[in-house]
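Under the UniProt record's numbering, think of the first position of the sequence shown as 1, with each following residue one higher.
Beta carbons are placed, not taken as given, at the ideal position from N, Cα and C, and that holds for glycine.
Because the structure is a prediction, the values reported are computed rather than measured.
Written below as structure tokens is the structure these notes are about.
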Amino acid sequence: MSKIEYVQSTHGKTHVCYEGFRYYCHRKNDDDSKYWKCVKKSCRVGLTIKPDGTIKKRADHDHLPNEADKEVLIIRQNLKRKNSTVCQDVVIQLPSIATMRNNLQKKRRKTRPPLPKNITELPHPVPINYQKSLNGEQFVLYDGLIDGSRCIIFSTPTDMLYLSQSEMWYCDGTFYVCPSIFYQIYSIHGYNDDGIMAPYVYCLLPGKSETLYTGMFEKIFQQMNQMNLPIRLRRVTTDFELAVANVFHKYYPYVEVKYCLFHFGQNLFGKFQDLGTCLQTAYKDDEQLRIWFRSFAAVALLPLSHMIFGFNYLIQNKPNYLQLTCFVQYFYQTYGAFGTFPPPTYNHFMNFSPRTTSHVEGHHLKWKKRSTAAHPNIYCTIDLLRQEQSLGAFNAFRDHMGAPQPKRRRDQQIAENSLQKLWQRYSEAKTDLVSFLNTAGLRYFNYLEQ
């Protein structure tokens, strides 16, 4: 466990350094404990330190730790103490604070292996220091070739256990924090019966082809079989990436593939905007056009057998804009019964589990905030993944021990309750098809206009 260190800030205030992060004292509590807040203004993380040394940490940092920051403060503090005894000639010859900071960072970089300029220079296997999680578990699940290219899959045995117990997986890739020698980091989150979703697998991939995804999922399932884990997977939710869907359609047909409802609406609105400024202007001014479009997106929330009735109604009652004919043709070719993505893959009627991949994208956004730059080097990326795994392991253990779940945002809870009531009313024939589409469209797809 990391120990607490106290340092003096540049203004003479006492700060706490813990796990590579620095905190200032925000307040003293009635029980003599102190609440410390991260010195980075945008970060909301705080520590409560009790008189007996017990530490309670709240939330996760949105940035990476910086040990050099503490060491620079210590050096500056020592310089101030010696200021009265050090002659001017010595002071003049001292390097600047910025130079000292850079030198400290260079020293730390020397403890890492040489940075590979391309994937062929990356040691195989990765250095031993990067093969373990922060908790000491084996973290590299697979490091080898898939379809002739180097791929690295990260997951611990404990995370594989949790993932195997999850009936629903949520998958998405990210590019910003991926090292330049790879193409993307692909994450797999599991969602279980208790409503808990957490990241369990991280994959460094050199591309996004179907053969790569096939090999990636094959390695994951092989590991589960080697560990004699029962695989409960029955549904995978992803964005509209056909290569991933094809893997399950071909090799795991018992797994249902669902596409993200958010991306469905986003894709429709993107095509809508591509049809020209005339239609964009009309959308802002014509309320009936807005209602019609939102209703089109809301068809995904109807019962599967009723979707055709919703489509037919909207096509027969489309507003009088020539560009909408192109929009309808695009919809049939892409999302129609014989389109690229047929209705069962994006229908979410009575789907009470998460209908989007927003949870995965939220984690990727946190990584972006923690990263000091786009496309960090491979070892910084692995360190970032190890930190993410450590945080995820802590939260997963807490959840599986029965700790209370964080409350959903009030607006999200209201929207979810409203949708469930709307489904119930429609199932009981208390709401007709047109009213359902108008209400669902207004409630769930007005974000597209923001």
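Between which two residues does the alpha helix (DSSP H) harbouring residue i extend?
i    : result
F154 : Here F154 belongs to no alpha helix (DSSP H); instead the beta strand (DSSP E) covers S149 to F154.
T158 : P157 to S164
I128 : From DSSP, I128 is part of no alpha helix (DSSP H); its letter is neither H nor E.
F224 : Inspection of the sequence shows that residue 224 is occupied by Met rather than by Phe. It spans E210 to Q226 - the alpha helix (DSSP H) in which M224 sits, taken as one unbroken run.
F397 : I378 to H400
Q316 : M307 to Q316
G441 : L433 to Y444
D411 : R410 to S427
Y346 : Counting along the chain, Y346 falls outside any alpha helix (DSSP H), and DSSP gives it neither H nor E.
L242 : L242 to Y251
Y321 : Counting along the chain, Y321 falls outside any alpha helix (DSSP H), and DSSP gives it neither H nor E.
T372 : Where T372 is concerned, there is no enclosing alpha helix (DSSP H), given that its DSSP letter is neither H nor E.
S295 : E287 to A298
What number of angstroms, rounded off, separates the C-alpha of residue i from the C-alpha of residue j?
i    : j    : result
L437 : F296 : 8 Å
L289 : Y283 : 6 Å
T281 : Q329 : 21 Å
D147 : R408 : 42 Å
C203 : S435 : 44 Å
H61  : N312 : 50 Å
V310 : E121 : According to the sequence as given, residue 310 is Gly; it is not Val. Between G310 and E121, the C-alpha separation is close to 56 Å.
W36  : I55  : 10 Å
F293 : F331 : 12 Å
F349 : W423 : 8 Å
A243 : E210 : 5 Å
Q387 : S371 : 12 Å
V140 : I49  : 35 Å
P116 : H363 : 27 Å
L324 : D274 : 11 Å
D383 : Y130 : 8 Å
L442 : C278 : 23 Å
P65  : E19  : 7 Å
I291 : N317 : 11 Å
C380 : N29  : 37 Å
C17  : S149 : 42 Å
R235 : N320 : 40 Å
E428 : P344 : 22 Å
P376 : L322 : 48 Å
K421 : I414 : 11 Å
E416 : F352 : 9 Å
F264 : I220 : 28 Å
H124 : G144 : 8 Å
L205 : E287 : 45 Å
M1   : L47  : The predicted position of M1 is uncertain, since its pLDDT is 49 and thus under 50; a value taken from the coordinates is nonetheless stated next. In a straight line, the C-alpha of M1 is about 15 Å away from that of L47.
T10  : K369 : 26 Å
Please work out which residues of its chain come closer than 7 Å, Cβ to Cβ, to residue i, disregarding the five sequence neighbours upstream and downstream, and give them in chain order.
i    : result
N118 : I181
N395 : A198
R425 : T431
T14  : Y6, Q8 and C25
L268 : F296 and A297
S418 : R443
N135 : S390 and A393
S305 : none
F445 : G265, R294, A297 and A298
Per DSSP, what are the beta-bridge partners of residue i in this structure?
i    : result
D172 : S187
I146 : S149
H15  : V7 and Y24
T237 : Y170 and K258
R58  : G46
M197 : Y191
L205 : Q184
Q138 : K132
Rounded C-beta distance between residue i and residue j? I'm assuming under 8 Å.
i    : j    : result
D432 : I196 : With a Cβ gap of about 37 Å, D432 and I196 do not count as contacting.
T357 : D172 : 5 Å
F217 : V257 : About 12 Å separates the two Cβ atoms, so there is no contact after all.
R58  : V45  : 6 Å
Y259 : F338 : Not quite, the Cβ-Cβ distance comes to about 17 Å (not below 8 Å), so this is no contact.
A374 : Y176 : 5 Å
I185 : C178 : 5 Å
N347 : A300 : 6 Å
I153 : Y142 : 4 Å
Could you pull the start and end residues of the beta strand (DSSP E) that residue i belongs to?
i   : result
T48 : G46 to I49
K34 : K34 to C38
For residue i, which residues in the same chain have their Cβ closer than 8 Å to its Cβ, ignoring the five residues on either side in sequence?
i    : result
R232 : S164, Q165, S166 and E167
W169 : L163, I188, H189, G190, Y191, L233, R235, V236 and T237
I4   : V16, C17, Y18, I49, G53 and I55
Going by the C-beta, is residue i closer than 8 Å to any heavy atom of the ligand SAM?
i   : result
D60 : Because no ligand of any kind appears in the structure shown, any question about the ligand SAM cannot be addressed here.
In its own chain, which residues sit with a C-beta less than 6 Å from the C-beta of residue i, not counting the 5 before and 5 after it?
i    : result
Q333 : G339
P51  : D32
Kindly say whether residue i, judged by its beta-carbon, lies nearer than 9 Å to any beta-carbon of chain C.
i    : result
N438 : This model lacks chain C altogether, as it is built from one protein chain only.
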